[in-house]
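In what follows, a structure is listed as structure tokens, so that the remarks can point back to it.
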Amino acid sequence: MKGHVYYSSKEAKRNHGFIDDLMVHAAQLDLTMNLLVDNEEPDSDADFILFRDRNFDLSAKWESAGLHVINRSEVNRIANNKLKTFEFATLLGIPAVPTKRLKSVDGIAAYPVILKTVDGHGGTEVYLCHTVNEAEQFLNQYLSRQLIVQPYIESNATDIRVFMLGDEVLGAVKRIGNDGFKSNYTLGGSVEKYILSSSQEKEVRKIARALKSDYIGIDFLLLPDGSWLLNEIEDPVGARSLYATHDFSVAQKLMERINERNA
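When you line the sequence shown up against this note's numbering, it's residues 13 to 275, in that order.
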């Protein structure tokens, strides 16, 4: 069996350790896998493409050509649009952070609010605005982008990221921001292992099954009363925090799943 892992060249450099781990475990399973970046095209006889980019059009193109793309393109489309993620959660009955499209400051009913680009990731392009002036600055900075507005919900800069392999919970981490309201590990936040309750596990499995995803992250704001609200779905999801808090190889489990599903 042969396949590819696809990254943009920039992200391939940043994730070289994970790519190396994928290659090691692919070889152990007698899978032939090589790296594709940017405009490189897959071999016509490839059995799969592990797609590690935020590019729905490209994943859909390869899927339409008959290639097995992991995750499927529809996962990429929903996960990389925060408004579609909210609509998806609402359809499933999963409690989520209220999210609306924003075109002008007239669409903001009360402050403070969280303003985001609809397709940002990694905690960038996310701003806490307390005043109309701050909101106008954000809108002016991202004039050409689709924007969303969410109410500011106090979570003590704490959220939960759940890593899903199919509908199996690989693990979960609690992320706590060290400065400000963002909890992203790559922005300097701290992480610790988190054990889901049975009701939480039921919700994340429901999401993964509905998406028919292979490997995603699901982020929830953790509220002071212990409840949570879906905030974002991550595809591709980075696993640094999972490696830091758990004692298994994510790459190994992912390659084993690919091997089983393509056998």
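A virtual CB, placed ideally from N, CA and C, is assigned to each residue, including glycine.
- How long is the line joining the alpha carbons of asparagine 274 and phenylalanine 30, rounded to whole angstroms? Locating residue 274 in the sequence shown gives position 262, counting from the first residue. Locating residue 30 in the sequence shown gives position 18, counting from the first residue. If you take the alpha carbons of asparagine 274 and phenylalanine 30, they lie about 21 Å apart.
- In whole angstroms, what is the alpha-carbon distance linking threonine 257 and leucine 47? Locating residue 257 in the sequence shown gives position 245, where the first residue counts as 1. Locating residue 47 in the sequence shown gives position 35, where the first residue counts as 1. Using only the alpha carbons, I get a separation of about 27 Å.
- Quick one: Cα of glutamine 149 to Cα of alanine 39, how far? By 1-based counting over the sequence shown, the position of residue 149 is 137. By 1-based counting over the sequence shown, the position of residue 39 is 27. Near 50 Å, if we compare the C-alpha coordinates of alanine 39 and glutamine 149.
- Query: tyrosine 18 to isoleucine 90, Cα distance in whole Å?
  - Reply: For the purposes of this step, residue 18 is taken as the residue at position 6 of the sequence shown. For the purposes of this step, residue 90 is taken as the residue at position 78 of the sequence shown. In a straight line, the C-alpha of tyrosine 18 is about 19 Å away from that of isoleucine 90.
- Message: In whole angstroms, give me the CA-to-CA distance for lysine 265 and aspartate 118.
- Response: The residue labelled residue 265 in the question sits at position 253 within the sequence shown. The residue labelled residue 118 in the question sits at position 106 within the sequence shown. Rounded to the nearest whole angstrom, the CA to CA distance from lysine 265 to aspartate 118 is 48 Å.
- Query: Beta-carbon separation of leucine 62 and serine 167 under 8 Å?
  - Reply: In the sequence shown, counting from the first residue as 1, residue 62 sits at position 50. In the sequence shown, counting from the first residue as 1, residue 167 sits at position 155. Serine 167 is positioned such that its CB atom lies no closer than 8 Å to that of leucine 62.
- Taking DSSP as the reference, what is the three-state secondary structure of isoleucine 259? One-based indexing of the sequence shown puts residue 259 at position 247. The sequence shown places aspartate at residue 259, not isoleucine. Aspartate 259 falls in the coil class under three-state DSSP.
- Message: So, at 7 Å on beta carbons, what are the nonlocal neighbours of arginine 269 in its own chain, with the 5 sequence-adjacent residues on each side left out?
- Response: Translated into positions along the sequence shown, residue 269 becomes position 257. Counting only Cβ-Cβ distances below 7 Å, and skipping sequence neighbours, we find Leu177, Gly178, Asp226.
- Distance between asparagine 243 and leucine 151 (C-alpha atoms, nearest Å): In the sequence shown, the residue the question calls residue 151 occupies position 139. In the sequence shown, the residue the question calls residue 243 occupies position 231. In a straight line, the C-alpha of leucine 151 is about 21 Å away from that of asparagine 243.
- With distances taken between CB atoms, is the gap from proline 110 to proline 163 smaller than 8 Å? Sequence index remark: in the sequence shown, residue 110 carries index 98 (1-based). Sequence index remark: in the sequence shown, residue 163 carries index 151 (1-based). Yes, the Cβ-Cβ distance between proline 110 and proline 163 is below 8 Å.
- Roughly how many angstroms separate the alpha carbons of alanine 101 and isoleucine 219, rounded to a whole number? Within the sequence shown, numbered from 1, the residue matching residue 101 stands at position 89. Within the sequence shown, numbered from 1, the residue matching residue 219 stands at position 207. Going from the Cα of alanine 101 to the Cα of isoleucine 219 covers about 8 Å.
- Determine which residues share a DSSP beta bridge with alanine 101 and list them. Indexing the sequence shown from 1 puts residue 101 at position 89. Per DSSP, none; premise fails for alanine 101.
- Select from Glu146, Ser210, Glu99, Met13 the residue whose C-alpha is nearest the C-alpha of histidine 80. By one-based count along the sequence shown, residue 80 stands at place 68. When only C-alpha atoms are compared, the closest one is Met13.
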